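Colleague: Residue numbers (the working numbering): 24 to 704.
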């Protein structure tokens, strides 16, 4: 269990698979990267989200003594610890054990308004177990936008991003990554700090290139620097353009295409004064993949002219053209039509589109959008707004939303966190720290005052309503490209209603995504230590040092889900269990449930004598102790009838390791069952 054991086992790692595909975050290299289904990676979020539960009185209000429960920031002088651990004079925030990439860093500091970081406060990133930092930079410089490769608009500070700093330059790692704050206690504790780090966690057998910054980062910078409305993808394909006059109740065809290809760009312009919501844009990509929404919803534009995004892939340009550059693959046919659904006269529309010219990859998923419009009033505590809910497999690509309070003339709707459940996770797999933080801003879009409008290639808040006697409102957008969220069986994107989940508010939202029906991963077998038959069937063996006891606690969802179970804890030795493989398996995932009373608890997963992955270090959650984590396993394809002998090797001998259950997830056709279990049907 000592670190030497970890070094020995690392030599048993399954060889990496040379992949013809770019890494899942390298969207700038090929427009179809994002559309391809992959079951070898996940996107996770480290943040200063507060795990402290709130206490509520009979009236549903937060008890006066419980207000500490929703301080989603790091500030040690007041006991608000949001770090993994202290290492020397550095505060460790992230400790990943396997392969992947940091694809988004967001931080802010201040008290009521944003502030510059202390000059001495530094960010340090170490890769692949090296004691020497790969990145060692003052936080103010990390976000300044003028330090290569962290150039604007890939990076921005609180002035350019309305109250916070962000950096979107990927940092690739093959054998672990840590992120820490340094500069001494005086710098670290000078003020409150909020942070978010979006990280790809990739199966260890997938080739992702050399550790460090991508060698082609200049191409990424050129891509993201494209003028809003200009075609951003590599190459210069030929556009087809024209004009259609559409009569009320009549549908006009703009594109009809047979065969396999991808629509890479669509531009539409309607005359000034025409209500875009009266035109319906209808697209079909293959049989059964139909999308039909008002024009304004497609582009996330809203009713006010200044609400329109001006992002890299969707928005309204200076010439009045609404543009979509989301790649939209199809395998047999595609059509684009416009219907004049209003009662006015005929409308003349200018249009242009461009096709890729290549057959779409066989694993390319279909593009889709969902439009939500929801209000929740007073008297409903802890009822989140639903922004997007999907079953099946896919990737979430972005969001444009307009939000406002119902009953108060303030912007408290910005206090809520996004809560993203993936593949039926018991608690949010990604949990934010505040509404505007999701859009790379902070402090209510602070820029010397609240409600500063801004538009950047990936995020923006182009419109805020601050008119006396009317609800305070904001239009916000964010593209998820390098950090597009993959899901294998379901996705549920929710928004907390204000700081305590009780704000009377409304949100309309346009969400963009790739999607296919049918789940790509299913839970096919579970070892649960609360069940003697499960322990026997899976041949579970705990080390001699293990102490096992019952636990009744909650997950960190809202409202909290209670669970009772049995947990084994040990500081020496390894545990093991066995699953039989009924059918062939191309890719497997392992879900672990554990007690997060103590932080740490990283472990190596060994399958049939070879290292197959590593569970990361986890933050402690002493108030709501149940936690789960999913891990893609690095294994050669397994034939039917194989046996999987699984051994769990904790990495940190200084801390207790805990386990309560393990669940195997596999594609629907690749069903597994534990020894003695009936196969899942």
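Ideal Cβ placement from N, Cα and C applies to all residues, glycine included.
In this text the structure is predicted, and so the values were computed from the model without any measurement.
Use the C-beta contact count for residue 250: other C-beta atoms within 10 angstroms, 16 or more gives buried, fewer gives exposed.
Modeller: In the chain shown, counting from the first residue as 1, residue 250 sits at position 227. With fewer than 16 Cβ atoms within 10 Å of its Cβ, residue 250 is classed as exposed.
Colleague: So residue 163 is in the alpha helix (DSSP H); what residue range does that whole segment cover?
Modeller: By 1-based counting over the chain shown, the position of residue 163 is 140. Counting along the chain, the alpha helix (DSSP H) containing residue 163 begins and ends at 162 to 165.
Colleague: Output yes or no for whether 8 Å exceeds the beta carbon distance between residue 299 and residue 317.
Modeller: The sequence position of residue 299 within the chain shown is 276, counting from 1. The sequence position of residue 317 within the chain shown is 294, counting from 1. A contact, by the Cβ cut-off of 8 Å.
Colleague: Touch check for the region 654 to 673 and the region 600 to 619: three-plus C-beta pairs under 8 Å?
Modeller: yes
Colleague: Give the list of continuous beta strand (DSSP E) stretches no shorter than 3 residues that lie fully inside the region 261 to 300.
Modeller: 263 to 269, 274 to 281 and 284 to 292
Colleague: Would residue 438 pass as a contact of residue 532 if the rule is Cβ separation under 8 Å?
Modeller: Within the chain shown, residue 438 is the residue found at index 415, counting from 1. Within the chain shown, residue 532 is the residue found at index 509, counting from 1. No, these two residues do not count as a Cβ contact at 8 Å.
Colleague: Could you say which of 248, 295, 386 and 328 lies nearest to residue 61 if we only look at CA atoms?
Modeller: Working through the chain shown from its first residue, we reach residue 61 at position 38. Closest by alpha carbon: 386.
Colleague: Restricting to runs no shorter than 3 residues, where is the beta strand (DSSP E) found entirely within the region 397 to 456?
Modeller: Within the region 397 to 456, the beta strand (DSSP E) runs of at least 3 residues that lie entirely inside it are, in chain order, 408 to 414, 416 to 428 and 441 to 445.
Colleague: State whether the region 51 to 59 contacts the region 129 to 140, with contact taken as three or more CB pairs (one from each stretch) at a distance under 8 Å.
Modeller: no
Colleague: Go through its chain and collect everything with a Cβ distance to residue 451's Cβ below 7 Å, but skip five positions before and after it.
Modeller: As a position in the chain shown, residue 451 is number 428, starting the count at 1. Within the same chain, residue 451 has close Cβ partners 442, 443, 444 and 580.
Colleague: How far does the beta strand (DSSP E) with residue 191 in it reach, from first residue to last?
Modeller: What you label residue 191 is simply residue 168 of the chain shown in a count that begins at 1. Per DSSP, residue 191 belongs to no beta strand (DSSP E) and is neither H nor E.
Colleague: Can you tell me the Cα-Cα spacing of residue 690 and residue 542, whole angstroms?
Modeller: Indexing the chain shown from 1 puts residue 690 at position 667. Indexing the chain shown from 1 puts residue 542 at position 519. Between the C-alpha atoms of residue 690 and residue 542 there is a straight-line separation of about 8 Å.
Colleague: With three or more beta-carbon pairs closer than 8 Å as the criterion, would you say the region 357 to 369 touches the region 268 to 281?
Modeller: yes
Colleague: Over the uninterrupted alpha helix (DSSP H) stretch that includes residue 319, give me the two end residues.
Modeller: Mapped onto the chain shown, residue 319 falls at position 296. Counting along the chain, the alpha helix (DSSP H) containing residue 319 begins and ends at 318 to 321.
Colleague: Find the nearest neighbour of residue 719 within the set 94, 650 and 370, judged by alpha-carbon distance.
Modeller: Lying before the first or after the last residue shown, residue 719 is absent from the chain, which here runs from 24 to 704.
Colleague: Give me, in chain order, the residues of the same chain whose beta-carbon lies closer than 7 Å to that of residue 503; leave out the 5 immediate sequence neighbours on both sides.
Modeller: Position 480 of the chain shown, counted from the first residue, corresponds to residue 503. Taken in chain order, the residues that qualify are 419, 420 and 421.
Colleague: Looking at the secondary structure, which residues open and close the beta strand (DSSP E) in which residue 609 lies?
Modeller: Counting from 1 along the chain shown, the entry for residue 609 is found at position 586. Note, residue 609: premise wrong, no beta strand (DSSP E); not H, not E.
Colleague: Opposite residue 681 in the DSSP bridges: which residues?
Modeller: Residue numbering aside, residue 681 sits at position 658 when the chain shown is read from its first letter. BP columns for residue 681 point to 592.
Colleague: So the alpha helix (DSSP H) residue 246 belongs to, where does it begin and stop?
Modeller: Your numbering for residue 246 matches position 223 in the chain shown. Residue 246 -> alpha helix (DSSP H) spans 240 to 247.
Colleague: Need the endpoints of the beta strand (DSSP E) that residue 560 sits in, please.
Modeller: Along the chain shown, one-based indexing puts residue 560 at 537. Per DSSP, residue 560 belongs to no beta strand (DSSP E); it is in the alpha helix (DSSP H), 555 to 560.
Colleague: By Cβ distance below 6 Å, which residues in the same chain neighbour residue 2 in space, the five residues on each side in sequence not counted?
Modeller: As shown, the chain starts at 24 and ends at 704. That puts residue 2 outside it, with no answer to give.
Colleague: Using three-state DSSP, classify residue 691 as helix, strand or coil.
Modeller: Here residue 691 refers to the residue found at position 668 when the chain shown is read from its first residue. Reduced to three states, the DSSP call for residue 691 is coil.
Colleague: Flag this pair as yes or no: are the beta carbons of residue 615 and residue 652 separated by less than 8 Å?
Modeller: For this step, residue 615 is matched to residue 592 along the chain shown. For this step, residue 652 is matched to residue 629 along the chain shown. Against a cut-off of 8 Å, the Cβ pair of residue 652 and residue 615 comes out as a contact.
Colleague: Check each candidate in 512, 576 and 474 and name the one with the smallest Cα separation from residue 416.
Modeller: Here residue 416 corresponds to residue number 393 of the chain shown, with the count starting at 1. Measuring from the Cα of residue 416, the nearest candidate turns out to be 512.
Colleague: Below 8 Å CB to CB, which residues in the same chain sit around residue 152 once its five sequence neighbours on both sides are set aside?
Modeller: Within the chain shown, numbered from 1, the residue matching residue 152 stands at position 129. Counting only Cβ-Cβ distances below 8 Å, and skipping sequence neighbours, we find 198 and 199.
Colleague: Suppose you measure from the CA of residue 193 to the CA of residue 248; what does that come to, to the nearest Å?
Modeller: Sequence index remark: in the chain shown, residue 193 carries index 170 (1-based). Sequence index remark: in the chain shown, residue 248 carries index 225 (1-based). Answer to the nearest angstrom: the Cα atoms are 16 Å apart.
Colleague: Measuring only the C-alpha atoms, how far is residue 680 from residue 380?
Modeller: Along the chain shown, one-based indexing puts residue 680 at 657. Along the chain shown, one-based indexing puts residue 380 at 357. Going by the C-alpha atoms only, they are around 53 Å apart.
Colleague: Helix, strand or coil: which one does DSSP assign to residue 328?
Modeller: By 1-based counting over the chain shown, the position of residue 328 is 305. The answer is helix: DSSP assigns residue 328 an H, G or I state.
Colleague: Find the nearest neighbour of residue 322 within the set 332, 315 and 314, judged by alpha-carbon distance.
Modeller: Start at 1 with the first residue of the chain shown, and residue 322 comes out as number 299. The option with the nearest alpha carbon to residue 322 is 332.
Colleague: So what does DSSP say about residue 461, is it helix, strand or coil?
Modeller: Against the chain shown, residue 461 aligns to sequence position 438. In this structure, residue 461 counts as helix in the three-state DSSP scheme.
Colleague: Measuring straight from C-alpha to C-alpha, what distance separates residue 182 and residue 341?
Modeller: Counting from 1 along the chain shown, the entry for residue 182 is found at position 159. Counting from 1 along the chain shown, the entry for residue 341 is found at position 318. If you take the alpha carbons of residue 182 and residue 341, they lie about 24 Å apart.
Colleague: Could you check where the beta strand (DSSP E) with residue 373 kicks off and where it finishes?
Modeller: Taking the chain shown and counting its residues from 1, one reaches residue 373 at position 350. According to the DSSP assignment, residue 373 belongs to the beta strand (DSSP E) that extends over 370 to 378.
Colleague: Kindly list the residues whose CB is nearer than 6 Å to the CB of residue 158, restricted to its own chain and excluding five residues on each side of it in sequence; keep chain order.
Modeller: Translated into positions along the chain shown, residue 158 becomes position 135. So the list reads 148, once near-sequence residues are dropped.
Colleague: The alpha helix (DSSP H) spanning residue 211 covers which residue range?
Modeller: For the purposes of this step, residue 211 is taken as residue 188 along the chain shown, with counting starting at 1. Residue 211 -> alpha helix (DSSP H) spans 208 to 211.
Colleague: Can you tell me whether DSSP reads residue 599 as helix, strand or coil?
Modeller: Position 576 of the chain shown, counting from 1, holds the residue named residue 599. It is a strand residue.
Colleague: What residue range is occupied by the uninterrupted beta strand (DSSP E) comprising residue 652?
Modeller: Numbered from its first residue, the chain shown carries residue 652 at position 629. From DSSP, the beta strand (DSSP E) with residue 652 extends over 649 to 655.
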